[in-house]
Amino acid sequence: QVQLVESGGGLVQAGGSLTLSCAASGSIFSGNTMGWYRQAPGKQRELVAGITSGGRTNYADSVKGRFAISRDNAKNMVYLQMNSLNPEDTAVYYCNAVIRSTYVYWGQGTQVTVSS
Numbered sequence: 001q002v003q004l005v006e007s008g009g010g011l012v013q014a015g016g017s018l019t020l021s022c023a024a025s026g027s028i029f030s031g032n033t034m035g036w037y038r039q040a041p042g043k044q045r046e047l048v049a050g051i052t053s054g055g056r057t058n059y060a061d062s063v064k065g066r067f068a069i070s071r072d073n074a075k076n077m078v079y080l081q082m083n084s085l086n087p088e089d090t091a092v093y094y095c096n097a098v099i100r101s102t103y104v105y106w107g108q109g110t111q112v113t114v115s116s
C-alpha cells in the first residue's frame, strides 16, 4: 500500500508562485512514475505534470514554461513549483503515483486558489 500526502496549497494572487509537495510512504518500488493532476469545479481531472523514476518529465501545454516538477527519490518526495499563476490555475491539486505501470494511488488533494 502507498500513501500520498500533499501540502503547500493556498491562496495566492495572480502572478505569484507556490510550491506543492507530495510525501510518499509505504511500498514505493523503483520504476514508479509520479505526477500532479488538478481538478477545477465542473471540470474533469487533468494531468498537470509527470516525472518518471529516471527524471523524464512531461507537462500539460497550459503550464509549460511556468510549472516545474521534480522529485527526491531518497526522500520519496515530489514537488511542483508553480510560477506566474493565473486564476485558471485554481483547482484541487492531486499527487499521483503509478507503481510498476499497474498500481495507481492518489493523495487527498490540496486546494490552490489564484485571485485576480
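Heads up, the final residue of the sequence shown is numbered 116 in my numbering, and it's a clean run with no missing numbers. Even for Gly, the Cβ is constructed at its ideal location relative to N, Cα and C.
Which residue's Cα is closest to the Cα of Val78: Gly107, Gly42 and Val112? Minimum Cα-Cα distance from Val78 among the listed residues Gly107, Gly42 and Val112 corresponds to Gly107.
Have a look at Tyr103, Met82 and Gly15 and flag the residue whose alpha-carbon is nearest the alpha-carbon of Gly9. Measuring from the Cα of Gly9, the nearest candidate turns out to be Met82.
Decide if Val5 is buried, meaning its Cβ has at least 16 other Cβ atoms within 10 Å, or exposed. Val5 should be labelled exposed.
In angstroms, rounded to a whole number, what distance separates the CA positions of Cys95 and Ile28? Roughly 14 Å separates the two Cα atoms.
Where the beta strand (DSSP E) through Thr33 begins and ends: Per DSSP, the unbroken beta strand (DSSP E) holding Thr33 starts and ends at Thr33 to Gln39.
So what's Ser25 in DSSP terms, helix, strand or just coil? Reduced to three states, the DSSP call for Ser25 is strand.
Give the DSSP-derived three-state secondary structure of Ser116 in the structure shown. Correct three-state label for Ser116: coil.
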